[in-house]
Amino acid sequence: MGSGRTWHDRHVGYLFVLPATLMLVAVLVFPAFITLKLSVTPEGGSGWNLTLIHYQKAFRDPVLFQTFKNTFAFVAWSMVGHFVLGLALALALNQALPGQTVFRLIALVPWTIPDVVAGIIFRWVLNPINGSLNPLIRMLFPGFPAEFQWLSSPTLAFPAVIFANVWRGYPLVMVMLLAGLMAIPRELYEAAAVDGAGKIKRFIHVTLPGLSMIILIALALDMVWEFRRFALVLTMTGGGPGTLTEVLSTLVYKTYFQFFTFEYASAMAILMSAVLFVLSLPYIILVGRER
Amino acid sequence: MRQRSRWWVIAVLAIGLAVVLAGPAAAQVKIRFQTWHWNEKPVFYALEEFMNEFNKNNPGIEVVRDDSRYNDKETVYIAQSQAKAAADIAHFQHRAIPLFAERGYIMDLTPFIEREGGQKFLAQWDQHALETCKYKGKIYCLNDYVNPLALLYNTQHFKEAGLDPNKPPTTPAELVDAAKKLTRAGRYGMGLIGSRQEGLFMRFNPFFWGAGAEYLTPDNKRSALDTPEALEGFRFYVELFTKHKVVPPGVIEQGAQEVRTQIAHEIVSMEVGVIQAPLIYAAINPNMKVDEVMAAAPIPSGKKRVSSVEYGMRVISAFTKHPEEAWKVYKAWVSKDVQLRNFKIYGVMSARLDVKSSPEIANNKFAKIFAAQAPYGKIEPLIPEWPKIGDATITAVQEGFSGVKTPEQALKDLHIATNRALGVQ
Chain R
0 MGSGRTWHDR HVGYLFVLPA TLMLVAVLVF PAFITLKLSV TPEGGSGWNL TLIHYQKAFR
60 DPVLFQTFKN TFAFVAWSMV GHFVLGLALA LALNQALPGQ TVFRLIALVP WTIPDVVAGI
120 IFRWVLNPIN GSLNPLIRML FPGFPAEFQW LSSPTLAFPA VIFANVWRGY PLVMVMLLAG
180 LMAIPRELYE AAAVDGAGKI KRFIHVTLPG LSMIILIALA LDMVWEFRRF ALVLTMTGGG
240 PGTLTEVLST LVYKTYFQFF TFEYASAMAI LMSAVLFVLS LPYIILVGRE R
Chain P
0 MRQRSRWWVI AVLAIGLAVV LAGPAAAQVK IRFQTWHWNE KPVFYALEEF MNEFNKNNPG
60 IEVVRDDSRY NDKETVYIAQ SQAKAAADIA HFQHRAIPLF AERGYIMDLT PFIEREGGQK
120 FLAQWDQHAL ETCKYKGKIY CLNDYVNPLA LLYNTQHFKE AGLDPNKPPT TPAELVDAAK
180 KLTRAGRYGM GLIGSRQEGL FMRFNPFFWG AGAEYLTPDN KRSALDTPEA LEGFRFYVEL
240 FTKHKVVPPG VIEQGAQEVR TQIAHEIVSM EVGVIQAPLI YAAINPNMKV DEVMAAAPIP
300 SGKKRVSSVE YGMRVISAFT KHPEEAWKVY KAWVSKDVQL RNFKIYGVMS ARLDVKSSPE
360 IANNKFAKIF AAQAPYGKIE PLIPEWPKIG DATITAVQEG FSGVKTPEQA LKDLHIATNR
420 ALGVQ
């Protein structure tokens, strides 16, 4: 069988993937290599005189440790929000309702808004003097303080950023779950109904098992996305009050571009990538198994 | 027929060749002039006028617009410099000079200055300002503006609060007292910056230094934040918001422009501001009669009379392909005529002595007050560790404002963070 294939047949495929491979090397592998090299270069140094001093420093850095904790909390709560809201809306939008397409498009709107714009919008909405949220709450509860502070509050700033991120990011999870819901055969629901299963039982015994793989993939992807979230946090709070809303991506940015410590920032970025790789392993394994 | 066609082809080729060869001779050298001001009126008018005038008078060189943004001007420049593609001339403030010089991103201007007459040429500039352009024996810029800060206040609000508009507060205690009287429903006595931006230092430092505090020991080796003076200055700034409640809510979200907007819309009565602020108030709220309503005074200081200063300067990229042309543009920008015109258009005060002492500045209601603050101007330590210390300072101020920590604890942690940044164990 194989003996009939010429050298050309066997190798022409490499030619087709060459442009994409070169592009990936240029925009992904090369910068990653530069960052890795910078992370083991002494501060202000160059050449191949390498050191692990920045990694040693990173493991002793209380600010980095606190920021890792903030980032994990930010990612975890964002994922919970995205999943709950995404699933609820996917279930609602999977119903045969009039204007279904319009509702589906409206539900996608937050996904079309860039992070920076979403951050600025929420900053305006939550502003204690000119924002629109406080007057809105006061219409419902007249006793609510007129100049209530959201982003300046040590207890509310972090939840406010997570809320904005949940709003901005739920459509990705929603779309994936909606696609999964649409793929579940109607017959399964009909058979369950014939067997006397109510709505809740059908959800538990038909919908959830049918969605399980999609849910895992959606959450794994969401985790990777949220771990890298940058512009929303930077524009909403800049990491404040103090460092209460600082996340890894904003800390790396600050360390590189504001503190001018390129080497230490690169070490932070490499550590962040390593953690991200470990966290995304379930997704990689799942996708591998699916194939 | 064939012979004629051949001549046509030869003629076309000859013309094409002539165009190609003549091209480089006629090509203009483009000098990218980078600043965050291209989108800000009225500064934009001054830039545009300079660009048009220079391009008209200097065939062969074309100044072209290159944009950055105030908050990420360093980010843009670092990325461009690492690609060896930075703008030929770029705009920064004094904090960036040692950092860029250390990394080799900016050009040493000494050879150009020597050619212009060396010390005699430099003598035209405010020598205090010029120090911010020097690093390790080299000179990397010539300041184009020096911007001491002053107290700006609404005289109408003073009258309404029963205060004498001709007697602005002169001490921190008087400032608190006036701010309390000015604060009423929907109006606040004092606008402060609490957001993470450079402008915070310029507002915080006069009160901090005024209390007799310093960030570092005289040798710049250790933190000096563990003194009673440091606590007094730190506490004063924070307590204007937390204790005296004379500052609008959401102070952590307020940057310089937000505070100016609050002044322009008369939500706030006083701020520590820059010389061009009155023109900005007028741009924000054209209905405000700024010249009549607003007045300037020295910043109320404590034990020491002190003001913050913002030094603005342009640098030439170390990677420019056209150093001579870039210098020609640079020299034109810092010339007396252009600097004086800049003052007239957007109210900024030049670091050139002949412009600073000009009748235009001496007779301007606001400018003369600001000019009088220059001798008391002070800047943060120009050391490579400053960005980290500055960031930790903003963190501490925000922690104080939001009540995450008491002023004592926030300052104590700032002291530790400062020593850590300096490598002190």
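In order, the protein sequences belong to chains R and P.
Residues in the first sequence are numbered from 0 upward in steps of one, following numbering that gives the first Met the number 0.
Residues in the second sequence are numbered from 0 upward in steps of one, following numbering that gives the first Met the number 0.
For glycine and all other residues, C-beta sits at the position ideal for the given N, C-alpha and C.
Tell me the rounded alpha-carbon separation between residue i and residue j.
i: V145 of chain P; j: T242 of chain R; result: 32 Å
i: N126 of chain R; j: Q148 of chain R; result: 7 Å
i: W123 of chain R; j: I251 of chain P; result: 13 Å
i: A212 of chain P; j: K303 of chain P; result: 10 Å
i: G237 of chain R; j: I279 of chain P; result: 25 Å
i: A24 of chain P; j: D87 of chain P; result: Per-residue confidence for A24 of chain P stands at a pLDDT of 49, beneath the threshold of 50, marking its modelled position as unreliable; the derived number appears in the next sentence. For A24 of chain P and D87 of chain P, the distance between alpha carbons rounds to 21 Å.
i: K343 of chain P; j: K158 of chain P; result: 30 Å
i: I183 of chain R; j: D194 of chain R; result: 18 Å
i: Q174 of chain P; j: K220 of chain P; result: A quick correction: the sequence has Leu, not Gln, at residue 174 of chain P. Between L174 of chain P and K220 of chain P, the C-alpha separation is close to 34 Å.
i: E177 of chain P; j: L162 of chain P; result: The amino acid at residue 177 of chain P is misidentified as Glu; the sequence shows Ala. So the two alpha carbons sit approximately 7 Å from each other.
i: R167 of chain R; j: P144 of chain R; result: 27 Å
i: E398 of chain P; j: P171 of chain P; result: 22 Å
i: L181 of chain P; j: P167 of chain P; result: 12 Å
i: R288 of chain R; j: F99 of chain P; result: 50 Å
i: G3 of chain R; j: R9 of chain R; result: 10 Å
i: L37 of chain R; j: R68 of chain P; result: 27 Å
Tell me whether residue i is buried or exposed, calling it buried when 16 or more other Cβ atoms sit within 10 Å of its Cβ.
i: L270 of chain R; result: buried
i: W6 of chain P; result: exposed
i: K327 of chain P; result: buried
i: V108 of chain R; result: exposed
i: Q27 of chain P; result: exposed
i: S356 of chain P; result: exposed
i: M293 of chain P; result: buried
i: Q79 of chain P; result: buried
i: D114 of chain R; result: buried
i: M173 of chain R; result: buried
i: N69 of chain R; result: buried
i: M212 of chain R; result: exposed
i: F32 of chain R; result: exposed
i: T5 of chain R; result: exposed
i: E359 of chain P; result: exposed
How is residue i classed by DSSP in three states: helix, strand or coil?
i: F261 of chain R; result: helix
i: D87 of chain P; result: coil
i: W7 of chain P; result: helix
i: D194 of chain R; result: coil
i: K244 of chain P; result: coil
i: S248 of chain R; result: helix
i: E61 of chain P; result: strand
i: P147 of chain P; result: strand
i: R259 of chain P; result: helix
i: W76 of chain R; result: helix
i: A296 of chain P; result: strand
i: N153 of chain P; result: strand
i: I251 of chain P; result: helix
i: Y139 of chain P; result: coil
i: E270 of chain P; result: strand
i: E379 of chain P; result: coil
i: G188 of chain P; result: strand
i: Q148 of chain R; result: coil
Give me the Cβ distance between residue i and residue j, rounded to the nearest whole Å; I'm assuming they're in contact under 8 Å.
i: A156 of chain R; j: T234 of chain R; result: Not really, about 14 Å apart at Cβ, beyond 8 Å.
i: V246 of chain R; j: T66 of chain R; result: 7 Å
i: E73 of chain P; j: F256 of chain R; result: 6 Å
i: I60 of chain P; j: E324 of chain P; result: 5 Å
i: K377 of chain P; j: S307 of chain P; result: 7 Å
i: A217 of chain R; j: M267 of chain R; result: Contact flag wrong, Cβ pair sits at about 28 Å.
i: W332 of chain P; j: D143 of chain P; result: 6 Å
i: Q408 of chain P; j: A149 of chain P; result: Incorrect: roughly 32 Å between the Cβ atoms, too far for contact.
i: P248 of chain P; j: I120 of chain R; result: Not confirmed; about 20 Å, so no contact.
i: L421 of chain P; j: L230 of chain P; result: Not confirmed; about 20 Å, so no contact.
i: G389 of chain P; j: F200 of chain P; result: 6 Å
i: I283 of chain P; j: R259 of chain P; result: 6 Å
Residue i touches chain C at which residues, Cβ-Cβ below 9 Å?
i: P247 of chain P; result: Given the protein chain composition of this structure (R and P), no chain C is represented.
Taking Cβ-Cβ distances below 9 Å as the criterion, which residues of the region 400–416 of chain P are in contact with chain R?
F400, S401, G402, V403, K404, A409, A416
In the region 65–82 of chain R, which residues sit with their C-beta less than 9 Å from some C-beta in chain P, listed in chain order?
none
Residues from the region 89–117 of chain P in contact with chain R, defined by Cβ distance under 8 Å
L98, E101, R102
Just by C-beta distance, which residues in the region 250–271 of chain R are closer than 9 Å to chain P?
Y252, K253, T254, Y255, F256, Q257, F258, F259, T260, F261
Short-range partners of chain R found in the region 187–209 of chain P, where Cβ spacing is below 7 Å:
S194, R195
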